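Participant: In our numbering, the protein residues as written are 3 to 124. All C-beta atoms, glycine included, are put in the ideal place defined by N, C-alpha and C. Just so you know, these numbers come straight off a predicted model, no measurement behind them. Before I ask anything, here is the structure I am working with.
Written out as structure tokens, the structure reads:
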């Protein structure tokens with residue numbers, strides 16, 4: 003299964019994330035402010051772990067954007083910690099986590115997180 007599909011499955015059901023989309027948010031959900039939405043996109047896919055003139059792994063870098071619902075009823079810092087632990091426990095590396103920023107159109111807080119996953123090939 004692809005890394006982006008695996009990551010979507012991992013995030014589905016994560017506390018306080020109501021819906022996970024890949025590649026784009028559908029028009030019907032763009033202005034949703036009463037739910038926390040996650041958007042996953044591939045940033046880069048590259049070969050890795052070269053040896054004997056062969057690559058032995060694929061390294062996939064993903065961008066995860068999280069749009070918090072407007073009426074936040076949970077601790078955003080604990081949310082971040084739990085999210086980091088989820089990735090850490092599933093062999094992902096979080097390499098960038100920006101601060102929460104207000105979306106000028108909806109007023110929602112959002113954040114962009116960059117993660118990567120190394121998968122060995124057969």
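Looking at the structure shown, is residue 114 part of a helix, part of a strand, or coil, going by DSSP?
Facilitator: Strand at residue 114.
Participant: If you run the structure through DSSP and keep just helix, strand and coil, what is residue 26?
Facilitator: Coil.
Participant: Keeping to the same chain, check which residues put their C-beta closer than 7 Å to that of residue 96; ignore five residues upstream and five downstream.
Facilitator: If we look at residue 96 and ignore the five residues flanking it on each side, its Cβ neighbours are 86, 89, 115 and 117.
Participant: Am I right that residue 36 and residue 72 are in contact with their C-beta atoms under 8 Å? What's the rounded C-beta distance?
Facilitator: With 8 Å as the limit, residue 36 and residue 72 qualify as a contact, their Cβ atoms being about 7 Å apart.
Participant: Hey, out of 61, 9, 51 and 55, whose CA is closest to residue 41's CA?
Facilitator: Answer by Cα proximity: 9.
Participant: Go to residue 12, then tell me how far its alpha helix (DSSP H) extends in each direction, as first and last residue.
Facilitator: From DSSP, the alpha helix (DSSP H) with residue 12 extends over 5–13.
Participant: Look at the alpha carbon of residue 18 and the alpha carbon of residue 66, and state the distance between them as a whole number of angstroms.
Facilitator: Their Cα atoms are separated by approximately 15 Å.
Participant: Please look up how many angstroms separate the CB atoms of residue 20 and residue 39, rounded, as I've assumed it's under 8 Å.
Facilitator: Between residue 39 and residue 20 the Cβ distance is about 7 Å, and since that is below 8 Å, they are a contact.
Participant: Measuring straight from C-alpha to C-alpha, what distance separates residue 59 and residue 69?
Facilitator: Those two C-alpha atoms are separated by around 32 Å.
Participant: Beta-carbon within less than 8 Å of residue 50's beta-carbon, same chain only, minus the 5 sequence neighbours each way: which residues are those?
Facilitator: Cβ neighbours of residue 50 beyond the five flanking positions: 57, 58, 59, 60, 61 and 120.
Participant: Can you list, in chain order, the stretches of the alpha helix (DSSP H) that have 4 or more residues and sit fully within the region 14–81?
Facilitator: List check, alpha helix (DSSP H) in window: nothing returned.
Participant: So the candidates are 26, 47, 105 and 100; which of them puts its Cα closest to the Cα of residue 4?
Facilitator: With distances taken between Cα atoms, residue 4 lies closest to 47.
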